[in-house]
Amino acid sequence: MKTVTQFAFVAIFVLLSKVSGAQSTLPDFTELAERASAAVVSIEATRTASSQRAGADEAVDPQDMPEFFRRFFGQPGMPPMEPRDQVSSGSGFLISGDGEVLTNHHVIDGADEVVVRLPDRREFEATVIGSDAQADIALLRIKAKGLPYLKAGSSKNLRPGQWVFAIGSPFGFLDNTVTVGVVSGVGRRSMDASQQYTPFIQTDVAINRGNSGGPLLNTDGEVVGINSQIFSNSGGYMGVSFAIPIEVATNTAKQLRESGHVRRGQLGVAIQNVDRKFAKTLGLDRSVGALVSSVTPGSAAEKAGVKVGDVILSFNGIEILQSSDLPPMVGNTAPASKVKLRVLRDGKERELNAVLGEVPSDQSSASTGAGGGDKASAGVLGLVVQTPSAEEREQLGLAANEGVLIARVVGDAARRAGLREGDVILRVGRTAVASAKAFSDAIAEAGDSEAVMLLVRRGEQTQFVAIAPRKAE
Numbered sequence: 012m013k014t015v016t017q018f019a020f021v022a023i024f025v026l027l028s029k030v031s032g033a034q035s036t037l038p039d040f041t042e043l044a045e046r047a048s049a050a051v052v053s054i055e056a057t058r059t060a061s062s063q064r065a066g067a068d069e070a071v072d073p074q075d076m077p078e079f080f081r082r083f084f085g086q087p088g089m090p091p092m093e094p095r096d097q098v099s100s101g102s103g104f105l106i107s108g109d110g111e112v113l114t115n116h117h118v119i120d121g122a123d124e125v126v127v128r129l130p131d132r133r134e135f136e137a138t139v140i141g142s143d144a145q146a147d148i149a150l151l152r153i154k155a156k157g158l159p160y161l162k163a164g165s166s167k168n169l170r171p172g173q174w175v176f177a178i179g180s181p182f183g184f185l186d187n188t189v190t191v192g193v194v195s196g197v198g199r200r201s202m203d204a205s206q207q208y209t210p211f212i213q214t215d216v217a218i219n220r221g222n223s224g225g226p227l228l229n230t231d232g233e234v235v236g237i238n239s240q241i242f243s244n245s246g247g248y249m250g251v252s253f254a255i256p257i258e259v260a261t262n263t264a265k266q267l268r269e270s271g272h273v274r275r276g277q278l279g280v281a282i283q284n285v286d287r288k289f290a291k292t293l294g295l296d297r298s299v300g301a302l303v304s305s306v307t308p309g310s311a312a313e314k315a316g317v318k319v320g321d322v323i324l325s326f327n328g329i330e331i332l333q334s335s336d337l338p339p340m341v342g343n344t345a346p347a348s349k350v351k352l353r354v355l356r357d358g359k360e361r362e363l364n365a366v367l368g369e370v371p372s373d374q375s376s377a378s379t380g381a382g383g384g385d386k387a388s389a390g391v392l393g394l395v396v397q398t399p400s401a402e403e404r405e406q407l408g409l410a411a412n413e414g415v416l417i418a419r420v421v422g423d424a425a426r427r428a429g430l431r432e433g434d435v436i437l438r439v440g441r442t443a444v445a446s447a448k449a450f451s452d453a454i455a456e457a458g459d460s461e462a463v464m465l466l467v468r469r470g471e472q473t474q475f476v477a478i479a480p481r482k483a484e
């Protein structure tokens, strides 16, 4: 009995020692948070009532206002509601001793007055040096000297599972709130399509309204990101937060400081993911790379020899696992830079050299329609297509020898692929089609393929769609 008791005691002692040892390896954020908090600020952005009145001339005529909105904004003949100052709050952090502050663009967007409050309760009206919506970064300056500031680290070596912590002012009044978690993922695509050039850091650090613009720090107390977004069905934190890598932020700040705007490299391609069906058709053993669905005439890509249907496998030696990896690589490379592309074409890899162009300041868009012409029956893809008339080609912006229109979608596979009436099919595989007959011939040549790749244009968007052939209905 004594032996059993001694054994049990030893076992418990060993277990407690292991638990104690595990706890001792956990990071202590106490000193890190205390030092970093001195450089984290609260930001209050105000859009004044007077500026709102100035924009009232562009307001919608009440007679043109839907009934639902009239209930909330008043009926014609009623006194208009008096505008009030609109105040939003966020966080930021000092990056220099002479008062430079980094925060999010969306924190100060449209503001007439921006006030920065330091941890010691001093307040300063800030000057906006520059702001960039695509990176969601703003650079501010306050008139103060000898301030504590945070050191930029590196996000390039972040791995899922690493400890990180955030400091900010959630809900606009809980200053210097510290939250801790781990990196959940890196290189995440933004939920906002306008931010395609940012490879976000995903964490489980608690972030709420008011935390935007605050720093994400590593266990050395260095800034590795700027907290920017959450994924939420409720409007509050649900365990998924996103931060802008510090390299993107500092590069943006440098350009805003030097020129007031941000320049981004442009390759000139539209791309999409390579899914399992595409991989087999293209001769890939796994679903990697960025499939080129269109090439802009006169672009860097066209000059380098990139073709529709190519799969870009790497950019300057960095492998592309999914299509969303490519835009940040290109956008964060300076215009006129020489870059190397490794592409797959017809089952063979080749290397291309390109000189990047520059992303224009604005983009134009156009709409398209559909009409009649000679038709091809549904066939094995469940699609009825027709040759566009000269008038339709002009309306759609098509050349005389370009594309066929989808007149009807009758097959389940085509519907699941998202095809619909009015879409333009430009290619079947690598074969360009310009008539219903050419489309039918190209489908026949595909034979018993597991999937047929169609290059489809809808509006200004062009992408490949894979459809499994079926027996004619």
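For reference, each letter of the sequence shown is one residue, going 12 to 484 in our numbering.
Virtual Cβ for every residue (Gly too), placed ideally from N, Cα, C.
field: DSSP bridge partner residues for Gly-179 (one or two, in chain order)
entry: Looking at the DSSP assignment, Gly-179 forms a beta bridge with Thr-188.
task: Tell me whether Ser-223 sits in a helix, a strand or coil according to DSSP, three-state version.
output: Three-state DSSP puts Ser-223 in coil, outside helix and strand.
query: Excluding the five sequence neighbours on either side, which residues of its own chain have a C-beta within less than 8 Å of the C-beta of Glu-258, listed in chain order?
result: Excluding five sequence positions before and after Glu-258, the CB atoms of its chain that fall closer than 8 Å to its own CB belong to Ser-165, Ser-166, Lys-167, Asn-343, given in chain order.
task: State yes or no: is the C-beta of Phe-253 within less than 8 Å of the C-beta of Gln-207?
output: Contact: no.
- request: Give the secondary structure of Ala-67 by DSSP, where H, G and I count as helix, E and B as strand, and everything else as coil.
  value: Any reading at Ala-67 is ruled out, since the residue's pLDDT is 49, under 50, leaving its predicted position unreliable.
field: Counterpart residues of Gly-141 in DSSP-defined beta bridges
entry: Beta-bridge pairing links Gly-141 to Leu-150.
query: Any idea which residues DSSP pairs Lys-359 with across the strands?
result: Per DSSP, Arg-356.
- prompt: Nearest-angstrom Cα distance between Asp-109 and Ala-428?
  reply: The alpha-carbon separation between Asp-109 and Ala-428 amounts to approximately 56 Å.
- request: To the nearest angstrom, report how far apart Arg-438 and Ala-455 are at their CA atoms.
  value: Going by the C-alpha atoms only, they are around 14 Å apart.
- request: Enumerate in chain order the residues of its own chain whose CB-to-CB distance from Gly-172 is below 7 Å, with the five nearest sequence positions on each side excluded.
  value: Same-chain partners within the cutoff: Val-193, Val-194.
query: Would you call the stretch 132 to 152 and the stretch 176 to 185 in contact, with 3 or more CB pairs under 8 Å?
result: A contact is defined here as three or more CB-CB pairs under 8 Å, and the stretch 132 to 152 fails this definition with respect to the stretch 176 to 185.
- request: Label Asp-336 either buried or exposed according to how many other C-beta atoms from any shown protein chain fall within 10 Å of its C-beta, with 16 as the threshold for buried.
  value: Asp-336 comes out buried.
- request: Just mark Val-415 as buried or exposed, buried being the case when its beta carbon has 16 or more other beta carbons within 10 Å.
  value: Result: buried.
message: Let me see if you follow: with CB-CB separation under 8 Å, is Ala-177 close to chain C or not?
response: The structure shown contains no chain C; it holds only a single protein chain.
message: Using a Cβ-Cβ cutoff of less than 6 Å, which residues in the same chain neighbour Phe-79 once the five nearest sequence positions on both sides are dropped?
response: Low local confidence applies: a pLDDT of 42 at Phe-79 is under 50, so the model's placement there is unreliable, with the coordinate-based value given in what follows. Closer than 6 Å at the Cβ level, and outside the excluded window around Phe-79, lies no residue.
task: Could you say which of Leu-161, Ser-53, Asn-187, Ala-155 lies nearest to Val-2 if we only look at CA atoms?
output: Here the chain comprises residues numbered 12 to 484, so residue 2 is not present and cannot be evaluated.
- request: Give the straight-line distance between the Cα atoms of Phe-326 and Ala-155, rounded to the nearest whole angstrom.
  value: The alpha-carbon separation between Phe-326 and Ala-155 amounts to approximately 43 Å.
message: For a test of the three-state rule: what should DSSP assign to Ile-331, helix, strand or coil?
response: Looking at Ile-331 - three-state DSSP - the assignment turns out to be coil, as it is neither helix nor strand.
task: Can you tell me which of the three DSSP states Val-126 falls into?
output: Val-126 falls in the strand class under three-state DSSP.
query: Going straight from the alpha carbon of Ile-478 to that of Leu-394, what length do you get?
result: Here the alpha carbon of Ile-478 sits roughly 11 Å from the alpha carbon of Leu-394.
- request: Mind checking who Lys-349 pairs with in its DSSP beta bridge?
  value: Residue pairing of Lys-349 in beta bridges, as defined by DSSP: Val-366.
message: Considering only the alpha carbon of each residue, which of Glu-405, Glu-402, Ala-411, Phe-450 lies closest to Ile-417?
response: The shortest Cα separation from Ile-417 among Glu-405, Glu-402, Ala-411, Phe-450 belongs to Phe-450.
message: So Gly-5 and Ala-312 are supposed to be a Cβ contact under 8 Å. How far apart are they, rounded?
response: The structure shown has nothing for residue 5, since the chain only spans 12 to 484.
task: Please say whether Ala-50 and Gly-232 have beta carbons closer to each other than 8 Å?
output: Taking 8 Å as the Cβ cut-off, Gly-232 and Ala-50 do not qualify as a contacting pair.
task: Locate the beta strand (DSSP E) running through Val-216, then write down its first and last residues.
output: Val-216 -> no beta strand (DSSP E), and no H or E assigned at all.
- prompt: Using the rule of at least 16 other Cβ atoms within 10 Å of the residue's Cβ for burial, across every protein chain shown, is Ala-411 buried or exposed?
  reply: With fewer than 16 other beta carbons inside 10 angstroms of its own, Ala-411 counts as exposed.
- prompt: From what residue to what residue does the alpha helix (DSSP H) around Ala-449 run?
  reply: Going by DSSP, Ala-449 is part of the alpha helix (DSSP H) stretching over 447 to 457.
query: Cβ of Leu-105 within 8 Å of Cβ of Tyr-160?
result: Yes, they are a contact pair.
field: DSSP bridge partner residues for Pro-256 (one or two, in chain order)
entry: Looking at the DSSP assignment, Pro-256 forms a beta bridge with Gly-236.
Supposed close pair Arg-274, Ala-345 - CB separation, criterion 8 Å: Rounded, the Cβ-Cβ distance is 7 Å, consistent with contact.
query: Between Ile-485 and Ile-282, what straight-line distance do the alpha-carbon atoms span, to the nearest angstrom?
result: What is shown of the chain runs 12 to 484, which leaves residue 485 out entirely.
query: What residues in its chain sit with their C-beta under 6 Å from that of Ser-142, if we drop five residues either side in the sequence?
result: Cβ neighbours of Ser-142 beyond the five flanking positions: His-116, Ala-149.
- prompt: Do Val-467 and Asp-434 have their C-beta atoms closer together than 8 Å?
  reply: Against a cut-off of 8 Å, the Cβ pair of Asp-434 and Val-467 comes out as a contact.
- request: Check whether the Cβ atoms of Val-322 and Ser-305 sit closer than 8 Å, and answer yes or no.
  value: Judged by beta-carbon spacing, Ser-305 lies beyond the 8 Å limit of Val-322, meaning their Cβ atoms are not closer than that value.
- prompt: Of all the options Gly-309, Asp-357, Ser-298, Lys-349, which has the alpha carbon lying nearest to the alpha carbon of Ile-331?
  reply: Distance from the Cα of Ile-331 is smallest, within the candidate group Gly-309, Asp-357, Ser-298, Lys-349, for Ser-298.
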